[in-house]
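In my numbering, the protein residues as written are 7 to 323. These notes are about the structure you will find just below.
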């Protein structure tokens with residue numbers, strides 16, 4: 007219940023330390039400038055509990071009023087417990103954008119305080135998530151993980167979707183893959199592919215992921231390597247581990263193609279994962295002169311002995 011009466015408090019009288027204050031404070035500078043110019047237009051929400059006045063929503067307005075030496079206008083609500091206080095806090099901040107860091111903090115807070123069904127039905131909509139949405143299922147799965155991965159999710163280094171594979175790994179394997187996400191930012195597809203290839207290799211070889219990583223020696227970083235290149239290298243290595251025969255074919259193809267196309271801008275790629283023996287040959291040009299040179303190069307490279315090797319690559323004899 008919310009009272010219609012507007013109270014006035016000294017900022018120091020309001021306790022702003024509640025764990026239910028889940029949204030981060032907005033820029034105090036903006037509030038200070040606004041309140042200094044036109045005053046406090048929107049009251050904060052508080053709960054009066056005996057001699058204590060607990061803030062429910064409006065931390066930045068309280069901080070701004072304190073900085074300006076002004077009193078704080080407030081409306082009193084009746085919550086009764088921390089869950090109710092947090093729900094009111096979320097409702098009051100519903101118009102704000104909720105990123106993964108905020109969603110994680112909210113779900114962690116409520117996960118130990120209510121069951122999954124209630125979490126989906128009462129909390130998720132306050133964050134813009136439908137109760138039965140795929141994202142909600144992913145968040146519930148993430149709640150089953152230890153807090154070890156929370157930091158890399160908050161930092162944006164690992165996507166929420168990675169939980170679909172992480173949840174299948176043993177605790178030791180989770181610990182083994184975590185370092186790969188500490189300092190590199192992974193896209194959704196790269197992260198899921200990387201983890202999936204390692205997990206599938208583990209299942210195929212009946213070895214822990216931790217053992218595979220140790221045996222294959224996948225360094226976390228290399229000297230003078232950009233984060234983007236680091237992710238590309240690790241994905242390529244994980245794919246080679248998962249598909250060793252296919253990876254060998256790719257290496258052989260790269261060698262043959264480099265010999266065929268040396269000195270030209272033509273590109274040659276196999277079609278259908280080497281199953282058909284077919285290849286595509288392509289290049290680009292933006293003038294008649296460049297086009298003529300490309301035609302001459304094509305006439306030259308078609309004489310290479312490497313074509314027969316390329317056509318037979320990967321095909322059963």
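By construction, the Cβ of each residue, glycine as well, lies at the ideal position given by its N, Cα and C atoms. None of the values given here were measured: they were computed from a predicted structure.
Expected contact under 8 Å - CB spacing of residue i and residue j to nearest Å
i	j	result
residue 241	residue 199	6 Å
residue 216	residue 178	5 Å
residue 201	residue 183	7 Å
residue 71	residue 46	7 Å
residue 307	residue 272	6 Å
residue 248	residue 220	Not really, about 17 Å apart at Cβ, beyond 8 Å.
Residue i burial status per 10 Å Cβ neighbour count (16 or more: buried)
i	result
residue 116	buried
residue 153	exposed
residue 208	buried
residue 291	exposed
residue 119	exposed
residue 59	buried
residue 218	buried
residue 20	buried
residue 44	exposed
residue 236	buried
residue 52	buried
residue 39	exposed
residue 323	Any reading at residue 323 needs caution, since the residue's pLDDT is 44, under 50, leaving its predicted position unreliable; the model's value is listed next. Result: exposed.
residue 101	exposed
Cβ-Cβ distance between residue i and residue j below 9 Å
i	j	result
residue 203	residue 244	yes
residue 170	residue 106	no
residue 78	residue 17	yes
residue 187	residue 155	yes
residue 277	residue 286	yes
residue 319	residue 238	no
residue 223	residue 269	no
residue 180	residue 151	yes
residue 63	residue 31	no
residue 191	residue 162	yes
residue 41	residue 76	yes
Sequence-distant residues of its chain with Cβ nearer than 8 Å to residue i (five each side left out)
i	result
residue 138	126
residue 310	265, 266
residue 133	96, 104, 108, 109, 112
residue 316	259, 262, 263, 266, 274, 276, 285
residue 88	24, 25, 26, 119
residue 312	262, 263, 265, 266
residue 256	none
residue 14	77, 78, 79, 80
residue 33	66
residue 297	291
residue 211	218
Proximal residues to residue i (C-beta, below 7 Å), its chain only, five neighbours per side dropped
i	result
residue 27	61, 65, 95
residue 22	61, 65, 68
residue 185	226
residue 196	237, 241
residue 57	none
residue 194	165, 167
Same chain, Cβ closer than 6 Å to residue i, neighbours up to 5 away in sequence not counted
i	result
residue 49	12, 79, 80, 81
residue 173	147
residue 99	29
residue 253	246
residue 135	141, 142
residue 73	38
Cutoff 9 Å: residue i Cβ touching any chain D Cβ
i	result
residue 37	The displayed structure is made up of one protein chain only, and chain D is not part of it.
Q. Should the segment 252-272 be regarded as contacting the segment 229-237, the criterion being three or more beta carbon pairs within less than 8 Å?
A. no
Q: Please determine if the segment 144-152 and the segment 160-179 are in contact, where contact requires at least 3 C-beta pairs separated by less than 8 Å.
A: yes
Q: Evaluate the contact criterion for the segment 126-135 versus the segment 89-105: three or more CB pairs, one atom per stretch, below 8 Å.
A: yes
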